[in-house]
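Numbering (the working numbering), first residue to last: -2 to 286.
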């Protein structure tokens, strides 16, 4: 008999590609996912899976290289975001058609943030791509998404792991995936100490190299504006996630460290998917012990 699962998928940029591996491993082990709640990348992967198109999406992601990642960026001459975000959605529509969320065979809740009214917005009906575009609107990276007069940004801002938004069913197993698991901050961090590989396509490095060449370089223990912004956001996300997990304890928590991959390492998708598979296997083994 299949065990039903209500699955919560966190935000986390490219680390969220690990959600693909999580879902595949759960299916391999005989679990049936009946409900999904996701923020940002969690909403994207969850939405694609709920639409029945995960294999196509997986293949697409695994064929993305560094150049392809760069080509998906449609720059915006705007003060509220560097990237329009329309190009990504347009490319996805070529391989996966838009659907209404209420018509999906799996319950889906995609979380976005209403920046003006300072509250969460839950997408449970309407266009799947509209929900995804709103939920992935990372502040300062993507332009906010306008929906019904609301200015919407990344769901991970207020609820990076929306356990409290999942639709439960009787006797289900509540599984949450946190790809922003805490790491130890190294106060001796320096760009000069990081390898070139670790810095490739890192958003803040990209800004320094291409868009903000006038900014001073990081030396010693100094953190420039964008690195400081990144570290601050990471700490906030981890704290909110920890509180959410404590308040709404899942039956199984699958953890992937925040320092495992950068937010724009989409060209490492195959490796990230494998990380998700292994983390799921480990969590399930511990649960069954």
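Using N, Cα and C, we set each Cβ at its ideal position, and we do this for glycine too.
Since the structure is predicted, the reported quantities are computational estimates derived from the model, not experimental observations.
Cβ-based burial, residue i [other Cβ within 10 Å; buried from 16]
{"i": "residue 102", "result": "exposed"}
{"i": "residue 28", "result": "buried"}
{"i": "residue 173", "result": "buried"}
{"i": "residue 30", "result": "buried"}
{"i": "residue 122", "result": "exposed"}
{"i": "residue 0", "result": "exposed"}
{"i": "residue 22", "result": "buried"}
{"i": "residue 288", "result": "Any question about residue 288 goes unanswered here, given that the chain covers just -2 to 286."}
{"i": "residue 248", "result": "exposed"}
{"i": "residue 145", "result": "exposed"}
{"i": "residue 25", "result": "exposed"}
{"i": "residue 127", "result": "buried"}
{"i": "residue 232", "result": "exposed"}
{"i": "residue 89", "result": "buried"}
{"i": "residue 165", "result": "exposed"}
{"i": "residue 152", "result": "buried"}
Local conformation of residue i per DSSP, three classes
{"i": "residue 28", "result": "strand"}
{"i": "residue 119", "result": "strand"}
{"i": "residue 56", "result": "helix"}
{"i": "residue 97", "result": "strand"}
{"i": "residue 266", "result": "helix"}
{"i": "residue 67", "result": "helix"}
{"i": "residue 348", "result": "No information on residue 348 is available, as it lies outside the stretch -2 to 286 that the chain covers here."}
{"i": "residue 132", "result": "helix"}
{"i": "residue 17", "result": "helix"}
{"i": "residue 103", "result": "coil"}
{"i": "residue 242", "result": "helix"}
{"i": "residue 249", "result": "strand"}
{"i": "residue 161", "result": "helix"}
{"i": "residue 155", "result": "coil"}
{"i": "residue 91", "result": "helix"}
{"i": "residue 186", "result": "With a pLDDT of 34 at residue 186, under the threshold of 50, the modelled position of that residue is not reliable, and the figure given next carries that caveat. It is coil, neither helix nor strand."}
{"i": "residue 231", "result": "helix"}
{"i": "residue 61", "result": "coil"}
{"i": "residue 44", "result": "helix"}
Contact under 7 Å by Cβ, residue i with residue j
{"i": "residue 36", "j": "residue 138", "result": "no"}
{"i": "residue 38", "j": "residue 266", "result": "no"}
{"i": "residue 124", "j": "residue 177", "result": "no"}
{"i": "residue 157", "j": "residue 8", "result": "yes"}
{"i": "residue 85", "j": "residue 69", "result": "yes"}
{"i": "residue 163", "j": "residue 40", "result": "no"}
{"i": "residue 261", "j": "residue 15", "result": "no"}
{"i": "residue 62", "j": "residue 264", "result": "yes"}
{"i": "residue 274", "j": "residue 43", "result": "no"}
{"i": "residue 2", "j": "residue 170", "result": "yes"}
{"i": "residue 112", "j": "residue 148", "result": "yes"}
{"i": "residue 235", "j": "residue 179", "result": "yes"}
{"i": "residue 154", "j": "residue 224", "result": "no"}
{"i": "residue 53", "j": "residue 92", "result": "yes"}
{"i": "residue 136", "j": "residue 150", "result": "yes"}
{"i": "residue 245", "j": "residue 161", "result": "yes"}
Those residues which DSSP pairs with residue i across a bridge
{"i": "residue 36", "result": "108"}
{"i": "residue 1", "result": "29"}
{"i": "residue 254", "result": "178"}
{"i": "residue 170", "result": "2"}
{"i": "residue 261", "result": "Bridge partners of residue 261: none, in fact."}
{"i": "residue 124", "result": "97"}
(message) If contact is defined by three or more beta carbon pairs under 8 Å, each pair taking one atom from either stretch, is the region 245 to 260 in contact with the region 268 to 284?
(response) Enough Cβ pairs lie closer than 8 Å, so yes.
Check: So does the region 130 to 148 actually touch the region 91 to 101, counting three or more Cβ pairs closer than 8 Å?
Finding: Verdict: no, contact absent.
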